[in-house]
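Read the structure below first, then the notes.
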Amino acid sequence: MPTKERVADMTVTTTQLAAVLGITNRRVQQLTQDGVLTTVSRGKFVLGDAVQAYNASTARGGLTKEEAAEAKKLDHIKQKAEATLKASKAKIAQAEAKELSGQMHRSEDVAAMTSELIYTVRGALMALPSRVAINAAALSDPAEVAEYMRGEVNQIAEEIAMFRYDPAKYEARVRERKAWAEKLAGDDDE
11 MPTKERVADM
21 TVTTTQLAAV
31 LGITNRRVQQ
41 LTQDGVLTTV
51 SRGKFVLGDA
61 VQAYNASTAR
71 GGLTKEEAAE
81 AKKLDHIKQK
91 AEATLKASKA
101 KIAQAEAKEL
111 SGQMHRSEDV
121 AAMTSELIYT
131 VRGALMALPS
141 RVAINAAALS
151 DPAEVAEYMR
161 GEVNQIAEEI
171 AMFRYDPAKY
181 EARVRERKAW
191 AEKLAGDDDE
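Position in the sequence shown counted from 1, then plus 10, gives you the working numbering.
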């Protein structure tokens, strides 16, 4: 009876190897073409080497070493991309939560509120001439006119100083934008 070493070193044909592995002759040929199995001569295999190579290939999901390495590399890239996507989604959710709570403002909202302040200042300055014209014309002393004008300008400055950030206005602006975004998203689904 042959020993294990001698059985492992036996040279077998494609048909014999197919019978040992429980696969077809054609599959043995395919595995040879794919580089999984190596022949010692045309249609001849070292039994032990062929069985080990077949088992290793099966453990890799039927892939060649190169294909398995490429699949592993792609899987690593995929996992990295998924982690990046999750981190990005978390940052977006955090930013949205801060926006809804009023801790953070979008640049377009800041621009709108700044514009509102500018229009308030502009309106007060544009109203100044008509507001002071009659009273200033009644004054004859330039020092009195200067003092009167200074008082009116200070009044405008006080009005501007009273301009305050209104969290309720900001919240309404955010909710309006969210409603539009949801409506647009709903239209895209249809």
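The beta-carbon is built from N, C-alpha and C at its ideal position, and this holds for glycine as well.
Predicted model only: the values in this text are computed from it and were never measured.
Taking the C-alpha atoms as reference points, what is the distance between residue i and residue j?
i	j	result
Ala156	His115	42 Å
Asp119	Arg183	8 Å
Tyr175	Glu92	40 Å
Gly71	Glu181	55 Å
Gln62	Ala103	51 Å
Asp151	Ile144	15 Å
Ala153	Ala146	11 Å
Ala60	Lys96	44 Å
Glu80	Asp19	32 Å
Tyr158	Asn164	10 Å
Asn35	Arg52	14 Å
Lys179	Arg160	33 Å
Lys88	Ser98	15 Å
Ser117	Val131	21 Å
When we look at the beta-carbon of residue i and count the other beta-carbons within 10 Å, is it buried (16 or more) or exposed?
i	result
Tyr64	buried
Phe173	exposed
Ser67	buried
Ala191	exposed
Leu41	buried
For the putative contact between residue i and residue j, defined by C-beta atoms under 8 Å, what is the C-beta separation to the nearest angstrom?
i	j	result
Lys54	Thr94	Incorrect: roughly 51 Å between the Cβ atoms, too far for contact.
Ala28	Val17	The pair is not a contact, with the Cβ atoms about 17 Å apart (cut-off 8 Å).
Lys149	Ile166	Rather than Lys, the amino acid found at residue 149 in this sequence is Leu. The pair is not a contact, with the Cβ atoms about 19 Å apart (cut-off 8 Å).
Glu169	Ala134	6 Å
Residues in the same chain with beta-carbon distance under 7 Å from residue i, minus the five sequence neighbours each way, listed in chain order, please.
i	result
Ala100	none
Ile33	none
Identify, in the order they occur along the chain, each residue of the same chain with its Cβ nearer than 8 Å to the Cβ of residue i, setting aside the five sequence neighbours on each side.
i	result
Arg141	Glu162
Does the distance from the CB of residue i to the CB of residue j come in under 8 Å?
i	j	result
Thr21	Val50	yes
Leu47	Val30	no
Given residue i, which residues of its chain have a CB within under 6 Å of its CB, disregarding the five upstream and five downstream residues?
i	result
Lys108	Met114
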